[in-house]
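Asks: Dropping the structure in here first, questions after.
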Amino acid sequence: MTPEVVRHSVAMLLGAGNESPAEVLTLDILSRRGKTIRPKTLNQKRYVDAIDANTIVFGIGPAGTGKTYLAMAKAVHALQTKQVTRIILTRPAVEAGERLGFLPGTLSEKIDPYLRPLYDALYDMMDPELIPKLMTAGVIEVAPLAYMRGRTLNDAFIVLDEAQNTTAEQMKMFLTRLGFGSKVVVTGDVTQIDLPGGAKSGLRAAVDILEDIDDIHIAELTSVDVVRHRLVSEIVEAYARSEEPGSGMNRAARRASGARGRR
Numbered sequence: 001m002t003p004e005v006v007r008h009s010v011a012m013l014l015g016a017g018n019e020s021p022a023e024v025l026t027l028d029i030l031s032r033r034g035k036t037i038r039p040k041t042l043n044q045k046r047y048v049d050a051i052d053a054n055t056i057v058f059g060i061g062p063a064g065t066g067k068t069y070l071a072m073a074k075a076v077h078a079l080q081t082k083q084v085t086r087i088i089l090t091r092p093a094v095e096a097g098e099r100l101g102f103l104p105g106t107l108s109e110k111i112d113p114y115l116r117p118l119y120d121a122l123y124d125m126m127d128p129e130l131i132p133k134l135m136t137a138g139v140i141e142v143a144p145l146a147y148m149r150g151r152t153l154n155d156a157f158i159v160l161d162e163a164q165n166t167t168a169e170q171m172k173m174f175l176t177r178l179g180f181g182s183k184v185v186v187t188g189d190v191t192q193i194d195l196p197g198g199a200k201s202g203l204r205a206a207v208d209i210l211e212d213i214d215d216i217h218i219a220e221l222t223s224v225d226v227v228r229h230r231l232v233s234e235i236v237e238a239y240a241r242s243e244e245p246g247s248g249m250n251r252a253a254r255r256a257s258g259a260r261g262r263r
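So in UniProt numbering, spot 165 of the sequence shown is number 165, and the numbers just go up one at a time.
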């Protein structure tokens, strides 16, 4: 048992949930070449359960909580078990501090880096030789969000990643692409919005508007659910504290106190 598993197990035992660590850590989603993908925290298990039980699920949480990776694992499992006939993975092409127009290459070459994390996860879950064939056949599609406009997506498992960088109009456009026999998972981190000009995030708006509709579920993950390096969880918590009202004054007071102590 790794230190990470011990840490998450202790967190579950100390939490308010009824599920035992064994129930969470033995829920297999997908297996490939001896590697099994499964939830590692209670909130991750509840997120996965919500995907099974609902047509549309919003997975909201900080970096490293597995919200996109688990959604993609569920998509691959749904394809392999013939619950759907195709997978569609999409992201808005919004740059964090960069302008696409200033980058070299064709439009496809400019957009590819923004979609690369989705490709990386796919290759981690499926036979690398099979993926290009499935993409050529249209069974797997990885595309910018703008390519969804005007379509009806039937019999598909659709994952919208980085949804905090959609506008309200883009989010409405995306959600209304839903067709028969399809499932949608929308993932995002509302603390990492890259929209220009202070535009309101479509993810924030959608959660406020849709939270009371049946068959739509809002799953929230926190720093407790971070499954990367232990420091990532602490970094997420530190940034969250820094954004609390009065945090700047608190830091200034601590620095002043430290300076007096050194005199």
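Note that beta-carbon positions come from the ideal geometry of N, C-alpha and C, so glycine has one too.
What number of angstroms, rounded off, separates the C-alpha of R149 from the C-alpha of G202?
Replies: If I take the Cα positions, the gap works out to 16 Å.
Asks: Whole angstroms are fine: how far does the CA of D155 sit from the CA of T136?
Replies: 18 Å
Asks: If you compare alpha carbons, which of I29, A168, Q170 and T187 is closest to D49?
Replies: I29
Asks: Can you look up F180 in the DSSP assignment and give me helix, strand or coil?
Replies: coil
Asks: Strictly by DSSP, which residues pair up with S31?
Replies: T36
Asks: Kindly indicate the opening and closing residues of the alpha helix (DSSP H) around V190.
Replies: Careful: V190 lies outside any alpha helix (DSSP H) and carries neither H nor E.
Asks: Go to G202, then tell me how far its alpha helix (DSSP H) extends in each direction, as first and last residue.
Replies: G202 to L210
Asks: Secondary structure at R149, three-state DSSP: helix, strand or coil?
Replies: Of the three classes helix, strand and coil, the one that applies to R149 here is coil, per DSSP.
Asks: Quickly, what does DSSP pair residue 267 with across the bridge? List them, please.
Replies: There is no way to answer for residue 267, as the model of the chain reaches only from 1 to 263.
Asks: Can you give the beta carbon distance from Q170 to I193, rounded, assuming they're within the 8 Å contact cut?
Replies: With a Cβ gap of about 13 Å, Q170 and I193 do not count as contacting.
Asks: Where does the unbroken beta strand (DSSP E) through A156 begin, and where does it stop?
Replies: Run containing A156: A156 to L160, per the beta strand (DSSP E) assignment.
Asks: Using the C-alpha atoms, what's the distance from D120 back to V190?
Replies: 23 Å
Asks: Spatial neighbours of F180 within its chain, please: C-beta separation below 8 Å, excluding the five flanking residues on both sides.
Replies: Here the set comprises N154 and D155.
Asks: Just to confirm, are Q80 and G66 a CB contact at a threshold of 7 Å?
Replies: no
Asks: Please classify Y69: is it buried, with 16 or more other beta-carbons within 10 angstroms of its beta-carbon, or exposed?
Replies: buried
Asks: For I216 and V84, what's the separation of their Cα atoms in angstroms?
Replies: 19 Å
Asks: Can you tell me which of A219, I213, A73 and P144 puts its alpha carbon nearest to the alpha carbon of F160?
Replies: According to the sequence shown, residue 160 is Leu rather than Phe. Nearest C-alpha to L160: P144.
Asks: Which residue from Y239, L231, K183 and I235 puts its Cα closest to that of N54?
Replies: Of the candidates Y239, L231, K183 and I235, the one whose C-alpha sits nearest the C-alpha of N54 is K183.
Asks: Please determine, among E237, R86 and G188, the residue with the shortest C-alpha to C-alpha distance to A219.
Replies: Closest option to A219, Cα to Cα, is G188.
Asks: What's the gap between the Cα of V224 and the Cα of A240?
Replies: 13 Å
Asks: From the DSSP output, in three-state form, read off A50 for me.
Replies: helix
Asks: Across which residues does DSSP place T90 in a beta bridge pair?
Replies: A143 and L160
Asks: Go ahead and pull the three-state DSSP assignment for P117.
Replies: helix
Asks: State yes or no: is the C-beta of I158 within less than 7 Å of the C-beta of I88?
Replies: yes
Asks: Give me the residue from K200, L178, D127 and L118 with the minimum Cα distance to K35.
Replies: D127
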